[in-house]
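*Asks:* Pasting a structure here, questions to come.
Protein chains: 2
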Amino acid sequence: MTPQQAGAFLTVDLKKIADNWKSLQFQVGDKTQVAAVLKTDAYGLGAVEIAKALYQAGCRSFFTAYSFEAVELRQNLPVGTQIYVLHGVLPQTEPDFLKYDLIPVLSTPRQVFDWNHLGHKENMILPAALHIDTGMTRLGLNEKDVQALCSKVPEYLNVSLVVSHLACADNPENVKSENQLNRFDSLCAKLRQALPRPFKESLSASDGVHLNDPRYYKDLVRPGIALYDGAISLEAKVLQIQEVEAGRTVGYGATYEFTRTSRVATLAIGYGDGYPRSLANKGYVCFNGRKAPVVGRISMDLTTVDVTDFSLQELQRTPMAEIIGAHCPIKEIAKLAGTIDYELLTNLSKRFYRIYMD
Amino acid sequence: MTPQQAGAFLTVDLKKIADNWKSLQFQVGDKTQVAAVLKTDAYGLGAVEIAKALYQAGCRSFFTAYSFEAVELRQNLPVGTQIYVLHGVLPQTEPDFLKYDLIPVLSTPRQVFDWNHLGHKENMILPAALHIDTGMTRLGLNEKDVQALCSKVPEYLNVSLVVSHLACADNPENVKSENQLNRFDSLCAKLRQALPRPFKESLSASDGVHLNDPRYYKDLVRPGIALYDGAISLEAKVLQIQEVEAGRTVGYGATYEFTRTSRVATLAIGYGDGYPRSLANKGYVCFNGRKAPVVGRISMDLTTVDVTDFSLQELQRTPMAEIIGAHCPIKEIAKLAGTIDYELLTNLSKRFYRIYMD
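Read top to bottom, the protein sequences are chains A and B. Read in our numbering, the first sequence has 358 at position 352, and its numbers run on one by one without any break. Read in our numbering, the second sequence has 113 at position 107, and its numbers run on one by one without any break.
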């Protein structure tokens with residue numbers, strides 16, 4: 007796709023992402039390694055490009071959800087990186103892990119058993135991380151599972167990392183984080199006694215780092231969204247500008263009626279591009295840093311905004327509307343849409359022309 | 007991506023899509039041509055595969071939003087099809103139209119002028135469709151624009167189709183559709199007097215066809231979503247099943263607390279795959295046709311459901327959860343998520359393994 011063919015441009019500032027990573031490394035200090043979570047194609051932003059930029063910045067550990075995402079990173083990164091797969095070894099994906107030197111994050115007794123069994127069969131010590139559940143109730147070994155593992159150690163695994171995930175770290179007041187921390191420490195202590203080799207500990211993703219409490223940093227932190235702060239902007243082309251009389255309605259369902267003679271701009275973006283339909287009559291875009299409200303429903307490929315307060319000359323000088331960026335902060339747009347920046351990011355379409363700034 | 011590597015499978019029943027197309031053709035009768043709107047990669051389902059199946063069924067007219075989408079169709083379809091681009095000619099995309107024989111749907115006086123000017127310059131009569139605005143206030147020539155065009159006919163254009171779009175056709179009671187119909191007829195009459203060649207008329211997309219009123223059928227109807235009725239299903243793998251005691255919470259923000267000893271299944275799908283985050287504590291999936299409610303927030307890559315009422319044996323026999331399908335109708339899931347099936351479809355991720363059934 008060329009810029010001419012595209013309706014909208016997504017700009018990813020790789021330098022800003024690298025700077026964000028370095029700031030996190032500075033915050034947590036030398037004793038803690040800062041990894042990068044690049045699952046879901048780096049939240050829809052392009053995992054390969056971002057991984058390369060982070061490698062340049064010094065990052066050596068990467069996390070994906072699936073093995074096919076990890077394979078893509080391995081094929082595009084220099085040697086000497088750890089690549090972890092958070093969903094573990096899905097049945098019959100073992101060859102991905104062996105061939106591409108991926109580290110599965112094992113979260114069930116069955117996964118541990120199967121991966122150890124493969125090591126036995128191949129007479130190899132296989133790399134592994136363990137996921138322990140400290141209160142998220144999503145993935146991970148529970149206390150009983152850890153106990154069982156300690157009493158019968160999987161001999162063919164080299165467990166180099168133990169991870170858990172905080173459920174409520176977005177709220178520093180929530181006591182649950184501290185409960186999870188205590189449970190994590192207690193389970194890690196048990197594992198440390200039982201396992202033959204030392205391992206690193208990791209408890210915090212972006213929100214855990216933002217708690218700004220070194221007890222949560224451990225040996226490795228796994229930021230995802232925190233890498234993208236201020237690094238993303240999205241602009242859409244104006245396809246049509248029209249004058250409409252008062253009383254006219256706009257869009258599906260005719261949900262908005264103009265109360266004065268108005269000027270409407272139709273933008274080349276819609277919910278089919280991941281611009282949330284819930285922004286109908288609520289969202290805004292910006293021209294030259296000034297807001298233009300979304301009027302009417304958002305269509306699959308089109309969004310209409312009220313630009314009555316802009317002169318035609320001004321609009322002609324500004325052929326793109328800012329959808330996300332300095333004047334349309336992603337967190338605020340996501341909130342108006344009734345969701346969070348994570349979901350907004352991951353829904354952003356492949357249909358944008360992408361610009362990666364070094 | 008292999009089935010083993012994927013977390014979820016999206017099944018697209020091409021035969022059902024072809025049958026839906028044939029039913030629409032039967033409904034509207036021989037005098038009306040049934041086109042197919044395959045923009046946004048056929049609502050995220052795979053435009054090329056679906057276009058080929060519809061061509062086999064007899065469809066010869068296709069609509070996309072962008073020229074790059076149309077080019078992909080042209081490269082994959084036999085000769086003898088019309089491919090229309092709804093967004094018209096974006097600046098500097100003229101070569102796409104000339105090289106791949108695409109028909110732009112022109113919606114502004116400027117687009118008409120530029121396209122006609124190119125015809126003049128190249129001394130060619132260029133194919134074109136006109137979009138006239140009858141009350142949607144989104145894209146299209148208004149009454150004044152049509153008047154101007156009639157008094158100064160663009161001589162280098164062969165206008166073969168005039169289209170408009172209904173705003174409220176999802177509600178048969180809404181009088182706006184009839185107003186739009188009348189305006190459409192009146193503007194088409196003017197154009198018919200002024201333009202040198204005959205043209206076809208098109209007013210209805212899926213909802214217009216569902217009005218079941220032949221006055222809206224005109225020469226060509228443009229169904230999109232109506233093609234997919236009953237043709238889509240989505241299943242996700244179970245990554246982990248765990249037992250939890252009463253009082254335990256699940257997921258980010260600990261928004262759900264179990265009131266009894268429970269069994270939780272963690273599924274390999276999340277909002278990063280387009281499964282809406284708004285389904286938290288509201289949505290459901292099915293095993294063997296029986297519902298399992300979503301508990302807690304939906305994560306980017308994971309969803310937790312309560313499977314206490316299923317036996318472990320039953321779950322082991324059913325390793326995939328139905329996310330969308332016969333027992334989880336897409337319209338109902340979309341409604342629970344606070345949106346419509348269109349948005350749910352277009353958000354569905356590229357991360358699924360896709361199965362096309364012939």
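The beta carbon of each residue, even a glycine, is placed where N, CA and C say it ideally should be. Since we're looking at a predicted model, the values are computed, not measured.
Along chain A, which residues have their Cβ under 9 Å away from the Cβ of residue 254 (chain B)?
*Replies:* Start at 1 with the first residue of the second sequence, and residue 254 (chain B) comes out as number 248. Result: 141 and 143.
*Asks:* Report the three-state DSSP secondary structure of residue 243 (chain B) (helix, strand or coil).
*Replies:* Here residue 243 (chain B) is taken as the residue at index 237 of the second sequence, counted from 1. If DSSP states are grouped into helix, strand and coil, residue 243 (chain B) belongs with the strands.
*Asks:* What are the residues of the region 64-85 of chain B that lie near chain A, defined by any Cβ-Cβ distance shorter than 7 Å?
*Replies:* Residues passing the 7 Å Cβ filter: 71, 72, 73 and 74.
*Asks:* Assign residue 221 (chain A) to one of two classes, buried (16 or more other C-beta atoms within 10 Å of its C-beta) or exposed (fewer than that).
*Replies:* Residue 221 (chain A) sits at position 215 when you count from the first residue of the first sequence. Looking at its Cβ environment, which holds fewer than 16 other Cβ atoms inside 10 Å, residue 221 (chain A) is exposed.
*Asks:* Which runs of the alpha helix (DSSP H) fall wholly inside the region 122-186 of chain B and span at least 4 residues, in chain order?
*Replies:* Listed in chain order, they are 149-157.
*Asks:* At a CB-CB cut-off below 7 Å, which residues of chain B make contact with residue 228 (chain A)?
*Replies:* Taking the first residue of the first sequence as position 1, residue 228 (chain A) is located at position 222. None at all; the shortest Cβ gap to chain B is about 13 Å.
*Asks:* Relative to the C-alpha of residue 291 (chain B), which candidate in B:334, B:71 and B:316 has its C-alpha closest?
*Replies:* Within the second sequence, the letter at position 285 stands for residue 291 (chain B). Residue 291 (chain B) has its Cα closest to that of B:334, out of B:334, B:71 and B:316.
*Asks:* So what does DSSP say about residue 19 (chain A), is it helix, strand or coil?
*Replies:* Numbered from 1 along the first sequence, position 13 holds the residue referred to as residue 19 (chain A). Residue 19 (chain A) falls in the strand class under three-state DSSP.
*Asks:* Using a beta-carbon distance below 7 Å, is residue 258 (chain A) in contact with chain B?
*Replies:* For this step, residue 258 (chain A) is matched to residue 252 along the first sequence. Chain B contact via Cβ: present.
*Asks:* Taking its Cβ as the centre, do 16 or more other Cβ atoms sit within 10 Å of residue 320 (chain A), making it buried, or is it exposed?
*Replies:* The residue you call residue 320 (chain A) lines up with position 314 of the first sequence. It counts as exposed.
*Asks:* Output the boundary residues of the beta strand (DSSP E) element that contains residue 269 (chain B).
*Replies:* Numbered from 1 along the second sequence, position 263 holds the residue referred to as residue 269 (chain B). Where residue 269 (chain B) is concerned, the enclosing beta strand (DSSP E) stretches over 268-273.
*Asks:* Do you know offhand how far residue 100 (chain A)'s Cα is from residue 28 (chain B)'s?
*Replies:* Along the first sequence, read from residue 1 onward, the residue named residue 100 (chain A) stands at position 94. Along the second sequence, read from residue 1 onward, the residue named residue 28 (chain B) stands at position 22. Computed Cα separation, rounded: 45 Å.
*Asks:* Where does the unbroken alpha helix (DSSP H) through residue 338 (chain A) begin, and where does it stop?
*Replies:* Position 332 of the first sequence holds residue 338 (chain A). Its alpha helix (DSSP H) spans residues 336-342.
*Asks:* Residue 342 (chain A) and residue 285 (chain A) look like a contact to me (Cβ under 8 Å); what is the Cβ gap, rounded to whole Å?
*Replies:* By one-based count along the first sequence, residue 342 (chain A) stands at place 336. By one-based count along the first sequence, residue 285 (chain A) stands at place 279. Contact flag correct, Cβ pair sits at about 6 Å.
*Asks:* Under 7 Å between the Cβ atoms of residue 304 (chain A) and residue 276 (chain A)?
*Replies:* Position 298 of the first sequence, counting from 1, holds the residue named residue 304 (chain A). Position 270 of the first sequence, counting from 1, holds the residue named residue 276 (chain A). Taking 7 Å as the Cβ cut-off, residue 304 (chain A) and residue 276 (chain A) qualify as a contacting pair.
*Asks:* If you follow the alpha helix (DSSP H) that residue 101 (chain A) is in, where does it begin and where does it stop?
*Replies:* Looking up residue 101 (chain A) in the first sequence gives position 95. Its alpha helix (DSSP H) spans residues 100-106.
*Asks:* Considering residue 359 (chain A), what are the terminal residues of the beta strand (DSSP E) in which it resides?
*Replies:* Taking the first sequence and counting its residues from 1, the one referred to as residue 359 (chain A) is at position 353. Unbroken beta strand (DSSP E) run through residue 359 (chain A): 359-363.
*Asks:* I need the DSSP call for residue 352 (chain A), collapsed to helix, strand or coil.
*Replies:* Start at 1 with the first residue of the first sequence, and residue 352 (chain A) comes out as number 346. Helix at residue 352 (chain A).
*Asks:* Determine the DSSP secondary structure at residue 303 (chain B), reduced to helix, strand or coil.
*Replies:* Your numbering for residue 303 (chain B) matches position 297 in the second sequence. Reduced to three states, the DSSP call for residue 303 (chain B) is coil.
*Asks:* Can you find a CB in chain B that lies within less than 7 Å of the CB of residue 353 (chain A)?
*Replies:* In the first sequence, residue 353 (chain A) corresponds to position 347, counting from 1. Yes, residue 353 (chain A) counts as interfacial toward chain B.
*Asks:* Alpha carbon to alpha carbon, what distance is there between residue 95 (chain A) and residue 132 (chain A)?
*Replies:* Taking the first residue of the first sequence as position 1, residue 132 (chain A) is located at position 126. Taking the first residue of the first sequence as position 1, residue 95 (chain A) is located at position 89. Between residue 132 (chain A) and residue 95 (chain A), the C-alpha separation is close to 12 Å.
*Asks:* Per DSSP, residue 328 (chain A) forms a beta bridge with which residues?
*Replies:* If you number the first sequence from 1, residue 328 (chain A) lands on position 322. BP columns for residue 328 (chain A) point to A:241 and A:292.
*Asks:* Determine the direct distance from the alpha carbon of residue 116 (chain B) to that of residue 160 (chain B), and round the result to whole angstroms.
*Replies:* Stepping through the second sequence from its first residue, residue 160 (chain B) is reached at position 154. Stepping through the second sequence from its first residue, residue 116 (chain B) is reached at position 110. Answer to the nearest angstrom: the Cα atoms are 12 Å apart.
*Asks:* Looking at residue 260 (chain A): is its Cβ nearer than 7 Å to the Cβ of residue 174 (chain B)?
*Replies:* The residue labelled residue 260 (chain A) in the question sits at position 254 within the first sequence. The residue labelled residue 174 (chain B) in the question sits at position 168 within the second sequence. A contact, by the Cβ cut-off of 7 Å.
*Asks:* Is the shortest distance between the beta-carbon of residue 322 (chain A) and the beta-carbons of chain B less than 7 Å?
*Replies:* Locating residue 322 (chain A) in the first sequence gives position 316, where the first residue counts as 1. Residue 322 (chain A) does not count as touching chain B.
*Asks:* Could you check whether residue 15 (chain A) and residue 361 (chain A) sit closer than 7 Å to each other, using their CB atoms as the reference points?
*Replies:* To locate residue 361 (chain A), count along the first sequence from 1; it is residue 355. To locate residue 15 (chain A), count along the first sequence from 1; it is residue 9. A contact, by the Cβ cut-off of 7 Å.
*Asks:* In the DSSP output, which residue or residues are listed as bridge partners for residue 228 (chain B)?
*Replies:* Taking the second sequence and counting its residues from 1, one reaches residue 228 (chain B) at position 222. According to DSSP, residue 228 (chain B) bridges with B:211.
*Asks:* So, residue 162 (chain A) versus residue 216 (chain A), is the Cβ gap smaller than 7 Å?
*Replies:* Translated into the one-based positions of the first sequence, residue 162 (chain A) becomes position 156. Translated into the one-based positions of the first sequence, residue 216 (chain A) becomes position 210. No, the pair does not count as a contact, with Cβ atoms beyond the cut-off.
*Asks:* Can you tell me which of the three DSSP states residue 313 (chain B) falls into?
*Replies:* The residue given as residue 313 (chain B) occupies position 307 in the second sequence. Coil, per DSSP.
*Asks:* Since residue 46 (chain B) contacts residue 68 (chain B) with CB under 8 Å, what's their CB separation in whole angstroms?
*Replies:* Stepping through the second sequence from its first residue, residue 46 (chain B) is reached at position 40. Stepping through the second sequence from its first residue, residue 68 (chain B) is reached at position 62. Actually they are not in contact, since the Cβ atoms of residue 46 (chain B) and residue 68 (chain B) sit about 13 Å apart, beyond 8 Å.
*Asks:* In chain order, what residues of the region 87-113 of chain A put their CB closer than 9 Å to some CB of chain B?
*Replies:* From the region 87-113 of chain A, only 92, 93, 94, 96, 97, 98, 99, 102 and 113 have a Cβ closer than 9 Å to chain B.
*Asks:* For residue 67 (chain B), which three-state DSSP category applies?
*Replies:* Here residue 67 (chain B) refers to the residue found at position 61 of the second sequence. Residue 67 (chain B) falls in the strand class under three-state DSSP.
*Asks:* Is it the case that the Cβ atoms of residue 71 (chain A) and residue 93 (chain A) are separated by a distance below 7 Å?
*Replies:* Here residue 71 (chain A) refers to the residue found at position 65 of the first sequence. Here residue 93 (chain A) refers to the residue found at position 87 of the first sequence. Their beta carbons are under 7 Å apart, which means residue 71 (chain A) touches residue 93 (chain A) by this criterion.
*Asks:* Check the DSSP bridge columns for residue 78 (chain A) and list the partner residues they point to.
*Replies:* Here the question's residue 78 (chain A) lines up with position 72 in the first sequence. Answer is none; residue 78 (chain A) lacks a bridge partner.
*Asks:* Report buried or exposed for residue 317 (chain B), applying the criterion of at least 16 other Cβ atoms within 10 angstroms of its Cβ.
*Replies:* Counted from its first residue, the second sequence places residue 317 (chain B) at position 311. Result: exposed.
*Asks:* Taking the beta carbon of residue 26 (chain B) as the centre, do at least 16 other beta carbons fall within 10 Å, making it buried, or is it exposed?
*Replies:* As a position in the second sequence, residue 26 (chain B) is number 20, starting the count at 1. It is buried - the Cβ of residue 26 (chain B) has at least 16 other Cβ atoms within 10 Å.
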